[in-house]
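To convert, note that position 18 of the sequence shown is 29 in the numbering used here; the numbers rise steadily by one, no gaps.
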Amino acid sequence: MLITIGIDIGSVATKGVLIKRESKWQTMIPSGWSPRDAGRLAIEQVLKSSCSELNQVEKIIA
């Protein structure tokens with residue numbers, strides 16, 4: 012099953028989207044002081060909401 016995650020880390024907000032089959036899950040959180048932490052949190056949130064795990068992801072696009 013092809014799972015793709017897209018991440019956009021901006022100065023104010025970090026957005027994440029996960030696409031699995033015909034479904035899409037998305038999140039938006041404040042970027043805060045650490046873009047690395049914000050990106051990681053966005054990935055964790057879309058994985059959790061889609062009931063997926065990181066080892067199932069084929070692509071992460073930033």
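Even for Gly, the Cβ is constructed at its ideal location relative to N, Cα and C. Keep in mind the model is a prediction, meaning the values are calculated, not measured.
Please go through the same chain and pick out, in chain order, the residues whose beta-carbon is closer than 8 Å to the beta-carbon of residue i, but skip the five residues on each side of it.
i	result
Val23	Pro41 and Ser42
Lys35	Val28 and Leu29
Met12	Lys31, Arg32 and Gln67
Grouping DSSP H, G and I as helix and E and B as strand, with all else coil, what is residue i?
i	result
Ala73	coil
Leu29	strand
Gly50	helix
Ser61	coil
For residue i and residue j, which I take to be in contact (beta-carbon distance under 8 Å), what is that distance rounded to the nearest angstrom?
i	j	result
Ile14	Glu69	6 Å
Leu58	Leu65	6 Å
Might you give, ordered along the chain, the residues of its own chain that have their beta carbon closer than 7 Å to the beta carbon of residue i, omitting 5 neighbours on each side?
i	result
Gly50	Ile18, Ile20 and Thr25
Report yes if the C-beta distance between residue i and residue j is below 8 Å; otherwise report no.
i	j	result
Ser61	Lys31	yes
Could you name the residues of the same chain whose beta carbon sits closer than 6 Å to that of residue i, not counting the 5 residues immediately before and after it, in chain order?
i	result
Thr38	Gly27, Ala53, Gln56 and Val57
Ile72	Gly17
Could you confirm whether any beta carbon from chain B is found closer than 8 Å to the beta carbon of residue i?
i	result
Gly21	Absent here is chain B; the protein component of the structure consists of one chain.
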